[in-house]
Amino acid sequence: MDHGPTSQNDRDYPLPIVVSHVQIAPLLQAHKAGAATALCSPDLGLSMVTVELTAQGVRFPNDELLCWDDAAAIADEENKCWTLRDGEIDDIAFFSEQTHWMRTLFPTLSAPTMLVSGITMHRIKGVNPLEDTLRKIKTIAPLRGRVLDTATGLGYTAIEAAKTATEVVTIELDPAGLEVARLNPWSRALFTDPKIKQVVGDAYAEVPTFADRSFARIIHDPPMFSMAGELYSGAFYKQLYRVLKPNGRLFHYIGDLESASNRSLVPGIIRRLKEAGFKRVTRHNEAFGVVAEP
Ligand SMILES: C[S@@+](CC[C@H](N)C(=O)[O-])C[C@H]1O[C@@H](n2cnc3c(N)ncnc32)[C@H](O)[C@@H]1O
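Heads up, the sequence shown is in this note's numbering, so the first residue is 323 and it goes up one at a time.
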């Protein structure tokens, strides 16, 4: 995803410095080797700045100081991302009172993913979250007209779809998920792109309120079946079929279609999609999902 230039001084959407072990571990090594300055990303890899490696710690161009003890703590923790504000670090982690899911931002060498109760919301093995997103979108390209994204998460599919669509309606059940997204530099366009309309609610209840045939494309990227079974139900698929245009296309993320756990799940999903009205359902294992067409 190309999110365009980012700025730590954007008054409309100020972001703190956000880093992980990926950015900070090399600074500890550079300091140990006697370097006085180094290049570092203040936004999980989206942009680079020159930082000073002082006796106290890492000094960023906006004068923020990351002390060496905090830098060592960040470098030692491979599963978390951290904000740096007013000299204090804070891990990006939210417990949801609504869903009772714990959410954390999980770093990779590319875009971060979100852990929900320990489960990653994007692929990170062999395929990074950015490539994962592009593969999902490619299955139903070109994305023009109105697009429905049933599960916002970090907003990656919504952001990618909004690059070519006229409008993207994206639904997120859990406000804590949006709290994590707000602190993720890679999710910035979710809050700044006027083409993206956010709905906070349950897709199972929200989709029935949309007009018939009102979307040209649907991206259905729910959590795994055991966390959100109703989003895999025939009743929900009927609603997706109803709101999709007759020449539209739906991408439904499932997970590795060949895995032992999914091999028994996929036939039921395809059957329920067909019972809901979809005539053609094709497997796209490169994107870990299926495409359904009316
Ligand atoms: C796999 S993630 C979506 C990833 C997203 N497409 C992206 O690109 O970042 C699934 C998201 O669906 C949300 N969710 C779970 N149940 C939901 C529901 N009933 N309605 C809407 N969102 C739901 C979860 O909170 C989670 O953030």
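Ideal Cβ placement from N, Cα and C applies to all residues, glycine included.
Just so you know, these numbers come straight off a predicted model, no measurement behind them.
Measuring C-alpha to C-alpha distances from V613 to each of R539, M546, S583, D408 identifies R539 as the nearest. Contact between A397 and H353 is absent: CB atoms are separated by about 11 Å, not below the 8 Å threshold. Cα atoms of H606 and T405: separation of roughly 37 Å, rounded to the nearest angstrom. Of the candidates L505, T479, P497, the residue whose Cα lies closest to the Cα of I518 is T479.
Note that the C-beta distance between I576 and G551 is not below 8 Å. Spatial neighbours of I591 in its own chain (CB-CB distance under 8 Å, excluding positions within 5 residues in sequence) are listed in chain order as Y554, H574, I576, V612.
Proximity of the beta carbon of D385 to ligand 1 is not indicated: no heavy atom of the ligand is located closer than 7 Å. In the DSSP secondary-structure assignment, W404 is bridged to V341, D413. Put simply, of L465, M443, V449 the residue whose alpha carbon is nearest the alpha carbon of L476 is M443. Separation of P364 and R593 (C-alpha to C-alpha, rounded to the nearest whole angstrom) is 47 Å. Checking the 7 Å criterion, the Cβ of D524 is within range of a heavy atom belonging to ligand 1. One alpha carbon belongs to Q520, the other to R457, and they sit about 23 Å apart. The criterion of a C-beta distance shorter than 8 Å is satisfied by I459 and L465. For ligand 1, no non-hydrogen atom lies closer than 7 Å to the CB of E453.
For P568, the uninterrupted beta strand (DSSP E) run begins and ends at 566-575, by DSSP. Cβ atoms of L595 and F537 stay farther apart than 8 Å, at about 16 Å.
Scanning the segment 416-447 from its first residue to its last, no whole alpha helix (DSSP H) run of 4-plus residues comes out. L437 and T430 do not touch by the CB rule: their CB atoms are close to 12 Å apart, not below 8 Å.
Using a cutoff of 7 Å, the CB of M443 counts as near ligand 1, since one of the ligand's heavy atoms is closer than that. In this structure, L349 keeps its C-beta atom at 8 Å or more from the C-beta atom of A394.
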